[in-house]
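For the sequence shown, counting from 1, position 60 maps to 60 in full-length UniProt numbering; every step adds exactly one.
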Amino acid sequence: MFISKDQWVEEGGELRLYCEALIGRSYLADARSGLRWRKEGPNGTEGDLLPTQMEIKTIREDVEDIIGSYLTVDRVSAQDYGTYVCVVHSNDVVSKNYVTVHYRYGGADDGSGSSWCGSGAVPWRALALGAAAGALALVSAAALHRRCTPRLLLAARHARARAQPTARRARVLEKEFDVLVCWTAVDGELVRGALLPTLALKYKYRVHAVRLSTQPDTWYSELVGEAARCRSLVAVLSPAQYSAQQLLTALRQLRALPLPPVVVLLQDLPKLKREAKEGGESLVTTLRGTRLVAWRHVHERAFWTSLRLALPLPPSAHELQTKPNPTEAEDNKYSRSGSLTALV
């Protein structure tokens with residue numbers, strides 16, 4: 001006996017089922033032989049076909065004992081979905097076989113008038129479009145995360161600070177300055193022209209500036225006294241000006257201070273493999289354990305957001321009413337600095 005496989009058909013499409021069986025010769029006058037289609041109901045009962053469900057009998061010319069029957073529906077509607085039963089009577093022996101017609105949403109017509117289970121072509125175009133859309137969504141989400149998350153974190157810090165004014169004022173006024181900025185002569189023009197005035201005038205930090213000697217061996221002794229007066233430390237470095245060993249010495253001197261340093265790099269670091277080879281693994285470990293902020297341009301907002309996230313929040317105007325700002329004279333000096341001065 002043969003019967004069509006389960007099919008997935010769109011509403012409005014064409015349905016075509018086929019059942020075929022070998023009917024034995026009847027030697028009894030009242031024996032019943034035949035083949036017909038029936039529709040299975042919701043409760044498992046079998047009923048007659050609907051008027052729109054046409055049954056067409058067939059007989060094999062080569063073998064007279066094999067009969068078949070087509071079940072066709074020109075336009076499939078909701079009532080045509082479900083399970084159909086091919087009932088075969090052969091000398092009063094009844095056998096049944098079942099086939100189910102499923103609802104198919106948005107399937108492409110393959111030209112055969114029906115959709116066989118497992119025979120449809122793989123929708124490569126839809127898969128490619130879906131993969132491209134997914135990749136674009138991931139890239140967009142990553143870009144949005146990189147652009148917006150630091151700003152949201154900064155805004156959350158400000159909101160938290162406003163919710164705890166008394167405790168925050170006590171912590172702020174413990175120190176004379178908010179930021180200690182240190183640099184060497186080679187970076188002086190950029191620091192005095194852009195970094196110091198932006199921190200002091202736009203972001204309202206109480207800034208204390210210290211110029212360091214060229215050799216990093218004495219930086220700790222030069223900064224330890226000044227660091228006691230400040231809430232945070234920013235060190236401006238140009239890595240290309242130092243050898244690997246000098247860079248390691250500079251970082252060790254800064255990390256020995258009571259304030260964890262925020263290192264602003266004016267140049268990209270050399271490759272870590274070369275650093276490890278020249279300065280040892282200790283340099284790589286020290287770099288990875290230090291808060292590094294890369295300088296790109298004075299107007300790059302991402303740099304200032306990253307730097308402000310690494311620093312404590314500046315005091316508000318209300319918090320400073322009870323104590324004069326020790327950097328007012330320095331602010332005036334920065335506002336008269338060179339062409340690099342810019343508020344971003």
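Beta carbons are placed, not taken as given, at the ideal position from N, Cα and C, and that holds for glycine.
* To do: Tell me, to the nearest whole angstrom, how far the beta carbon of Thr-286 is from that of Leu-248; I am working on the premise that it is less than 8 Å.
  => 6 Å
* Limits of the unbroken beta strand (DSSP E) element including Ala-256 -> It is not in any beta strand (DSSP E) - Ala-256 carries neither H nor E in the DSSP assignment.
* Would you call the CB atoms of Leu-233 and Leu-180 closer than 8 Å? -> yes
* Beta carbon of Leu-251, beta carbon of Cys-230: below 8 Å? -> no
* **Exposed unless 16 or more other CB atoms sit within 10 angstroms - verdict on residue 430** => Given a span of 1 to 344 for the chain in the structure shown, any question on residue 430 remains unanswerable.
* Tell me whether Asn-332 sits in a helix, a strand or coil according to DSSP, three-state version. => Since pLDDT at Asn-332 reaches only 48, below the 50 mark, its modelled position is unreliable, and the value read off the structure follows with that caveat. Correct three-state label for Asn-332: helix.
* Cβ pair count under 8 Å reaching 3, the segment 60-71 against the segment 30-40 -> yes
* Asked: Helix or strand or just coil, what does DSSP make of Gly-193?
  -> helix
* Asked: Measuring from the CB of Leu-173, is there a heavy atom of the ligand GTP at a distance below 7 Å?
  -> In the structure on display, the ligand GTP does not appear, and there are no ligands present to speak of.
* Beta-carbon proximity of Arg-206 to Ala-185, cut-off 8 Å -> no
* So Thr-184 is in the alpha helix (DSSP H); what residue range does that whole segment cover? -> Here Thr-184 belongs to no alpha helix (DSSP H), and DSSP marks it neither H nor E.
* Report the option in Val-298, Gly-130, Tyr-84 whose CA atom is closest to the CA atom of Gly-193. => Val-298
* Could you name the residues of the same chain whose beta carbon sits closer than 6 Å to that of His-208, not counting the 5 residues immediately before and after it, in chain order? => Phe-177, Leu-180, Cys-230
* Asked: DSSP state of Tyr-220, grouped into three classes?
  -> helix
* Between which two residues does the beta strand (DSSP E) containing Arg-211 stretch? -> 207-211
* **For Arg-38, the first and last residue of its enclosing beta strand (DSSP E)** => 34-40
* To do: Look at the alpha carbon of Leu-136 and the alpha carbon of Val-284, and state the distance between them as a whole number of angstroms.
  => 35 Å
* **First and last residue of the uninterrupted alpha helix (DSSP H) at Thr-305** => 301-310
* To do: Work out the CA separation of Ile-66 and Ser-119 for me, nearest whole Å.
  => Unreliable placement is indicated for Ser-119, whose pLDDT of 44 sits below 50; no coordinate value is reported for it.
* Got a sec? Which residues, its chain only, sit under 7 Å from Ser-337 by beta carbon, not counting five neighbours each side? -> Confidence in Ser-337 is poor, its pLDDT being 46 and thus under 50, which makes the residue's placement too unreliable to answer from.
* Taking Cβ positions, are Val-293 and Leu-313 nearer each other than 8 Å? -> no
* Asked: Arg-288: which of Arg-301, Glu-300, Arg-60, Val-263 sits nearest, CA to CA?
  -> Val-263
* With distances taken Cα to Cα, identify the nearest neighbour of Ser-4 among Glu-10, Cys-86, Arg-32. => Cys-86
* Exposed or buried, which one is Tyr-98 when buried takes at least 16 other CB atoms within 10 Å? -> exposed
* Give the C-beta separation of Ser-238 and Gln-267 to the nearest angstrom, bearing in mind that I take them to be a contact with Cβ-Cβ under 8 Å. => 5 Å
* To do: With a threshold of 16 other CB atoms inside 10 Å of the CB of Asp-80, please say whether the residue is buried or exposed.
  => buried
* Asked: What residue from Ser-77, Gly-82, His-89 has the CA that sits closest to Met-1's CA?
  -> His-89
* Asked: What's the call for Tyr-84, buried or exposed, on a 16-neighbour Cβ count within 10 Å?
  -> buried
* To do: In the DSSP assignment, find the unbroken beta strand (DSSP E) run with Ala-235 in it and report its ends.
  => 233-237
* Decide if Leu-173 is buried, meaning its Cβ has at least 16 other Cβ atoms within 10 Å, or exposed. => exposed
* Using CA coordinates, which residue listed in Gly-47, Trp-8, Phe-303 is at the minimum distance from Leu-199? -> Phe-303
* For Trp-8, which option in Tyr-103, Leu-127, Leu-309 has the closest C-alpha, if you only look at C-alpha atoms? -> Tyr-103
* So what's Glu-10 in DSSP terms, helix, strand or just coil? -> coil
* Does the distance from the C-beta atom of Val-101 to that of Gly-130 stay below 8 Å? -> no
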